[in-house]
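Asker: What follows is a structure written as structure tokens; I'll ask about it next.
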Amino acid sequence: MTESFEPKITAFVCNWCTYAGADLTGTSRINYQSNVRVLRVPCTGRIDFMLLMKAFQKGSDGVIVSGCHPNDCHYTSGNYHARRRWMVYKDLMDFMGVDTNRVTFSWVSAAEGARWAQLVNEVTDNIRNLGPYAEYKALAVAGIE
Amino acid sequence: MSSGSHHPNLETLAGRIEAGTGVKLAHCYQCGKCAAGCPVGDEMDLPPCQVFRLLQLGFPDLDEKVLRSEGIWLCLACETCSSRCPQEVEIPKVMDFIRGEALKRGIAHPKSKDILSFHRAFLDSIEYTGRLYEVGLVADYKLRSRHMLKDVMLAPKMYIKGKLGLFPHLIKNRSGMKTLFKRTMGKG
Amino acid sequence: MRIGYYPGCSLLGSSREFDESTRAVLTALGVELTEVSDWNCCGASSAHVLNHELSLALPARILALAEQAGITEILAPCAACSNRLLSAQQELAAHPEKIAEIEAAIGMPYKGTAKIVNILEVLGRLKDQIAAKTTKPFAKKVANYYGCLLVRPPRVVNFDRPEDPQSMDLMVKAVGATPVEWPFKTECCGAAFSVTRTDIVAKLSGKLVKDAVKRGADVIVVACPMCHSNLDLRRSEINEYLGEQHGIPAMFITQVIGLALGLDPVALGIQRHMVPVEFKETAAASAQ
Amino acid sequence: MSRIGVFTCHCGENIGATVDCAKVAEMCKHVPGVAHSVDYKYMCSDPGQRMMQEAIKEHNLDGVVVAACSPRMHEPTFRRAVSNAGVNPYMCEMANLREHCSWVHEKNDATTQKAADLIRVLVEKIKHNTPLYPIKVPVTKTAMVVGGGVAGIQVALDIANGGHKVILVEKSPSIGGHMSQLSETFPTLDCSQCILTPRMVEAAQHPNITLMTYSEVEKVDGFIGNFKVTVRKKARKLDEKLCTGCGLCIQKCPNKKISDEFNEGLGTRTAIYVPFPQAVPNRPVIDTLNCTFYKTGKCKVCEKVCPTNAIRFEQEDELVTIDIGAIVLATGFKLMKTEAFPEYGYGKHKDIIDGMQFERLASASGPTAGVMKRPSDGKEPETVVFIACSGSRDRSKGVPYCSKVCCMYTAKHAMLYKHKVHSGKAYVFYMDIRAAGKDYDEFVRRAIEEDDVKYIRGRVSKIYEEDGKLIVKGADTLMGGEPVEIKADMVVLATAVQSNDRSEELAQTLHVSYDTYGFFAEAHPKLRPVETNTGGIFLAGACQAPRDIPESVAQASAAASKVLGLFSQDQLTREPIVAVVNRQAGPTYSYCVGCFLCQTACPYQAIEQEQILARNGEVIKTIARINPGLCQGCGTCVATCRTKAIDLQGFSNEQLYAEIMTL
Ligand SMILES: Cc1cc2nc3c(=O)[nH]c(=O)nc-3n(C[C@H](O)[C@H](O)[C@H](O)COP(=O)(O)OP(=O)(O)OC[C@H]3O[C@@H](n4cnc5c(N)ncnc54)[C@H](O)[C@@H]3O)c2cc1C
Ligand SMILES: Cc1cc2nc3c(=O)[nH]c(=O)nc-3n(C[C@H](O)[C@H](O)[C@H](O)COP(=O)(O)OP(=O)(O)OC[C@H]3O[C@@H](n4cnc5c(N)ncnc54)[C@H](O)[C@@H]3O)c2cc1C
Ligand code: SF4
Ligand code: SF4
Ligand code: SF4
Ligand code: SF4
Ligand code: SF4
Ligand code: SF4
Ligand code: SF4
Ligand code: SF4
């Protein structure tokens, strides 16, 4: 664990809540660490397992998935499906040997600008502590891609 | 992400009640339906809904007021209140629990003595014989409560009717019974 | 039909006639009772007041003994007993983590598989047979008193309706009686205070007796020894409290059915009541 | 090879002060596929947009990344701009250098690097973008309103007055709903019939409104603007065109002892009947379950007396299918019955009635002509107990919610009773008084202060009958739970408002969501309260939640305005962000294996089953098909599909993978 390690964090966020929340972080000028790269999707319901795996494959050290709070989904129940699926994903990742500490599922609403900054900072620090995700390479060699 | 798990705080009486009975005091919304139907509601210094109200606030002096009350000893466990409570609060369970708490703290209402004497006599009878020995129970209760005269008129009649066995029914495995009591009551 | 039998303490003493009449009636109907051997008291209305674990362990021992004897269904005629057995069984089923300690206390393995039934459930199954074998219809007006513990709490006992139950009404109809409409079928008689607070018993039971008479009942029929004690043994206190003399008898449902089936009143323990079982005009007719 | 242009905006100092925009533009020049990269002070300004359009022409660009503010701010602006320059608008993406970068990070190399990264990601995405075209669907400008209570009538009138055709479907023989049963209405105490009947007549006579009473919706196909609704017209057993509503048949029908629904069982009616004298339409129906002719084959008195020979015993139900552009559900509620109260005698005491029965007793057109008489013996009740929250806010009865209207109608009932029986005593058992509308609390206070209604804060545990009185055992929690016993002559239970019978079935027929209690679910509780999740289907009145008349009517007008908004367009334009199921040539035809997991996951019921047929008509394969009219583009189906047979336009797997691969 070297001090100079700068983790790569990929965030999948929904357009309506978390993306807007992150916009609000900006409008409120709340500073946070710049390691995160945001990918916008219409709804967390759109996020599937392969996207997460691809992110790790491409060298992400940590992944954030964030959408609307339960019951607030722009698409009524997309995040409900997402939530149910995440449970399965976690198990699946566990099974495949992926370190589930490296995936953070969260809700950030359009009004929670500060929450977004806090989330990104927490995850960044956490992953920085965990160190680079070198093990993934081993998994990849074992052929899970 | 908020988690649904919730741990009662055992420092407070409300928390201990929740841990011990599964009843959350906050579920009671003070409708009074329990008091309205309780067969002894008019005898109680604190009707069931008041017991809940005082406990809900979590003020130690109010908790103590409840523990010292007579009403909690009058509850017959008839379950009228709990079967009608709109919030499905299991009131008699809480009554049981707080009586235990009052005893532990030694602040049970003086009038509880008779009732307690009876229950103690009852359990003693089971502890030693395995079954309830009614004559023994009544005699024992009278000794403990000093209500010597009460019921003396009834006993001979019952005897004549063949309803009072003069000797206890002893179960075979009486040592097992002792163990059972030690392991449960022993914990106090 | 074979069925396990847990009489409970009061059926050995103050409510012997409930035991006698239950055995007599069920035998007459071809039911074989296997008594749980070396059974202990269920703790009734006392154990839970003082110690929760004790109130689980006592019934658990009974259930464990029944299991050992291969009993799959136990009749507990006393409503308090069947209620306690059910409560303990359900609590242990919901909290299996408590079972180990209970097993240690009772010194036996516990599974909690035996089904617990009350007397009305068993009689209910035999209703057609009872109706067919009725030789002396019990042509009385009956106030059916179910008390608390037979139907409450509904989440535990899951039997009949919690208010205005019907099973006993249907049963007495089957033997020719007419149930009266009355509002106190499940009103508490004071049960547990039979010894300690006879004043409360007199007041609560007094209300029942008075109303039953007012609604024209010839007899109050019960299915619980505690109810019976309060309505029968405590009648003098009740009458004193009411300032009126009420001679309306209180009978066990099994005695009513026994009489209807033509069984010997003495075998049914009718003579053991404090309030004599006598009926105003129709008494003679039905005794014949 | 793509020719992509990158335009990096300084936003004055907003981006420029933190991110080295010139350097970013320079870095982007070297990204494969980028044909042009510049930075500029204000991209959204006129000169900025013009510069971009010129660059598109000059460099022959086929895609554009604008690296500026949030797409939630200016995406429409720049998409319009590129479109005007001849490039498909969906070939333009925005990198968020301001909200997600310059405003939230320190000024340093990492931040500039991040800015460049954000652009590269989108450059890769655009390489996989395909031109998309807005979806257009036609609109049938006829609305259907289901349910003819006050809410449904209001919706129908508003749409009809807006110039469009409305079909009002009502399951019972007359429109009017519960409001037609009410005596007087809070908070003004004006006569319900007096304000409602004119509306009913207006609806019946409106040239744009077609009433279909005694009818029910059987089937709904299609989507917003293009529904096909099948309605079952139940047989009235008479020819409505011939019948004049003279009522002779009703007078002569010998079968007079049938319990009357309109009077809530407090009166009787004949087998051929109109529910109430002011019914609209004023045409009878034959109740075939109770008619002597249908039971025994004899009678036909009605047929004999009818002057116009309108009776048709052999008439059958009729199914009609209608093209509809928008549907408004206004099917109202039902009241919990007194049978649901074991502790109050399971409904066996005649003098324990519910609120609607009280309305009928108090109504001048009711069975007692508005004179207070209790049902059991017709005596004037001297003491009446009203019990609020009966069954509501009661988990043990399965209704934890507040029914909202009963505090008010209970105050009204107590007041009406006191106005009719001056010497009478009225008690109200309540838990809280919820009277939050305009003039509502004043109304309740009036009952207490002027009409001397005694409010007791507590619930009633038991009611039983003794010596012709009802003994009400309650408690007063303001006196510490003191038991209170009242000997009453009549008890009125303000029973819970519940979702109507078979509302769940109806919701399923229409593919709208409903809550745990069977009330129809709005799209958003605050911002889209009259829309459902299904495009083109709207809600009004108590079918969505317990509501009083003012709210029902307000909501009805809101729903009507939504319909009118929809009908103001000839065609609907929708963003092409929709899912598509993969199709290809045989023998595979599609990756879809027909598991239809996607169908259950889709929140909008946008996924249908489609059969691929061989030339001889044989089904080769059944696959999923997305209806672009219904799909809202959430992408849930994409994530659900295990064979990756579905993709979401604009956020396809390929596009997202490309983005990730650039990280
Ligand atoms: C006792 C009582 C007193 C009240 N007093 C007042 C008052 O004083 N003031 C006040 O503001 N509010 C009062 N209310 C509330 C008022 O009744 C409601 O707000 C109002 O009736 C709601 O109107 P609605 O059109 O939404 O529903 P409803 O009146 O229930 O009308 C729904 C209509 O839809 C029909 N329908 C149902 N299902 C179908 C179907 N599947 N297909 C076709 N048609 C169908 C029904 O037959 C009915 O005609 C009172 C309510 C009660 C219970
Ligand atoms: C403390 C508080 C908390 C609340 N919390 C909630 C909640 O959690 N959930 C909820 O649903 N509701 C809540 N509300 C209620 C909610 O705020 C209101 O329902 C809502 O704001 C009403 O919106 P409005 O547009 O009618 O009025 P307003 O929000 O008051 O908007 C009126 C606008 O008109 C402008 N205006 C006024 N006069 C003129 C004029 N003459 N010419 C031009 N413009 C004018 C005003 O400047 C203002 O912008 C809360 C209210 C309060 C007070
Ligand atoms: S009935 Fe239940 S909710 Fe009501 S006051 Fe009693 S405990 Fe509380
Ligand atoms: S269980 Fe106790 S508190 Fe409840 S009604 Fe019976 S006596 Fe009253
Ligand atoms: S396009 Fe956005 S970032 Fe650029 S000047 Fe306009 S508002 Fe600012
Ligand atoms: S008698 Fe004939 S015309 Fe008159 S109401 Fe009846 S059906 Fe209609
Ligand atoms: S046929 Fe039926 S509806 Fe007609 S008059 Fe006879 S009973 Fe009435
Ligand atoms: S409106 Fe009033 S009476 Fe009705 S449920 Fe709500 S609080 Fe109870
Ligand atoms: S989930 Fe995929 S494979 Fe299954 S039906 Fe839908 S599109 Fe076809
Ligand atoms: S994208 Fe969403 S709305 Fe569209 S079909 Fe898929 S799940 Fe349904």
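Residue numbers (the working numbering), protein chains in the order written: chain V, 1 to 145; chain H, 146 to 333; chain P, 334 to 621; chain B, 622 to 1284. From the three backbone atoms N, C-alpha and C, an ideal C-beta is built for every residue, glycine too. Just so it is clear, the structure is predicted and the values come from calculations on it, not from any experiment.
1. Pull the bridge partners of VAL766 (chain B) from the DSSP assignment, please.
2. Residues of chain H with a CB under 7 Å from the CB of PRO1104 (chain B): which are they?
3. Output yes or no for whether 8 Å exceeds the beta carbon distance between GLY523 (chain P) and TYR574 (chain P).
4. Under 9 Å Cβ-Cβ, which residues of chain P neighbour GLY966 (chain B)?
5. Between which two residues does the alpha helix (DSSP H) harbouring CYS630 (chain B) extend?
6. What are the start and end residues of the beta strand (DSSP E) that includes SER106 (chain V)?
7. Would you list the residues sitting across from ARG853 (chain B) in a DSSP beta bridge?
8. Residue range of the alpha helix (DSSP H) that MET240 (chain H) falls in?
9. Interface residues of chain B around CYS146 (chain V) at Cβ under 7 Å?
10. Is there a C-beta anywhere in chain B that falls below 8 Å from the one on GLN201 (chain H)?
11. Can you tell me whether DSSP reads MET715 (chain B) as helix, strand or coil?
12. For PHE1050 (chain B), tell me which candidate among B:SER1044, B:SER1082 and B:GLU1280 has the shortest Cα-Cα distance.
13. Would you call the stretch 1252-1260 of chain B in contact with the stretch 41-48 of chain V, where contact means no fewer than 3 C-beta pairs closer than 8 Å?
14. Just the Cα atoms here: how many angstroms apart are VAL708 (chain B) and GLY684 (chain B)?
15. May I ask you to verify whether the stretch 1038-1052 of chain B touches the stretch 998-1011 of chain B, counting CB pairs closer than 8 Å and requiring at least 3?
16. First and last residue of the beta strand (DSSP E) that includes ASN563 (chain P)?
17. Quick one: what does DSSP say MET146 (chain H) is sitting in, helix, strand or coil?
18. Tell me the rounded alpha-carbon separation between ALA616 (chain P) and GLY1089 (chain B).
19. Keeping to the same chain, check which residues put their C-beta closer than 6 Å to that of TYR1030 (chain B); ignore five residues upstream and five downstream.
20. Hey, would you say LEU566 (chain P) sits closer than 8 Å to SER379 (chain P), going by beta carbons?
21. Rounded to the nearest angstrom, what separates GLY1271 (chain B) and THR733 (chain B) at their Cα positions?
22. Going along chain H in order, which residues have a C-beta closer than 9 Å to the C-beta of GLY1101 (chain B)?
23. For MET53 (chain V) and LYS1242 (chain B), what's the separation of their Cα atoms in angstroms?
24. Return the residues of the stretch 1052-1085 of chain B that lie within a Cβ-Cβ distance of less than 7 Å from chain H, sorted by chain order.
25. Using only the alpha-carbon positions, how far apart do PHE1064 (chain B) and LYS258 (chain H) sit?
26. So what does DSSP say about ASP975 (chain B), is it helix, strand or coil?
27. According to the neighbour-count rule (16 or more other Cβ atoms, all chains shown, within 10 Å of its Cβ), is ARG250 (chain H) buried or exposed?
28. Distance check for GLY165 (chain H) and PRO429 (chain P), CA to CA, integer angstroms please.
29. Can a CB atom of chain B be found closer than 8 Å to the CB of ALA111 (chain V)?
30. Compute every distance between the C-beta of CYS173 (chain H) and the non-hydrogen atoms of ligand 6, then say whether any falls below 7 Å.
31. Determine which residues share a DSSP beta bridge with CYS812 (chain B) and list them.
32. Quick one: residues in its chain with C-beta nearer than 8 Å to the C-beta of SER527 (chain P), no 5 flanking neighbours on either side, listed in chain order?
33. Could you check whether ARG276 (chain H) and ASN373 (chain P) sit closer than 8 Å to each other, using their CB atoms as the reference points?
34. Comparing alpha-carbon positions, which option in B:GLU634, B:ASP1062, B:ALA688 and B:ALA702 lies nearest ASP1286 (chain B)?
35. Since ASP125 (chain V) is in the alpha helix (DSSP H), which residue starts that stretch and which ends it?
36. Is the shortest distance between the beta-carbon of ARG161 (chain H) and the beta-carbons of chain P less than 8 Å?
Answerer: Looking at the atomic coordinates:
1. B:LEU789 and B:VAL949
2. ALA180, ALA181, GLY186 and ASP187
3. no
4. GLU496, ASP497 and PRO516
5. Careful: CYS630 (chain B) lies outside any alpha helix (DSSP H), inside the beta strand (DSSP E) at 625-630.
6. 103-107
7. B:GLU837 and B:LEU940
8. 236-250
9. The structure shown does not extend to residue 146 (chain V), since chain V spans only 1 to 145, so no value can be given for it.
10. no
11. strand
12. B:SER1082
13. yes
14. 7 Å
15. yes
16. Here ASN563 (chain P) belongs to no beta strand (DSSP E), and DSSP marks it neither H nor E.
17. At MET146 (chain H) the pLDDT is 37, less than 50, meaning the model places this residue with poor confidence; the figure from the coordinates comes in the next sentence. Note: MET146 (chain H) maps to coil in three-state DSSP.
18. Confidence at ALA616 (chain P) is low in this model, with a pLDDT of 44, below 50, so its placement is unreliable and no value can be given for it.
19. GLY976
20. no
21. 27 Å
22. ALA180, LEU191, PRO192, CYS194, GLN195 and ARG198
23. 32 Å
24. MET1052, GLY1079, ARG1080, VAL1081, SER1082 and LYS1083
25. 53 Å
26. strand
27. exposed
28. 16 Å
29. no
30. no
31. B:GLU805
32. VAL534, MET559, SER562, ASN563, LEU566 and ARG567
33. yes
34. Because residue 1286 (chain B) is not part of the residues shown, which for chain B are 622 to 1284, the question remains open.
35. 113-130
36. no
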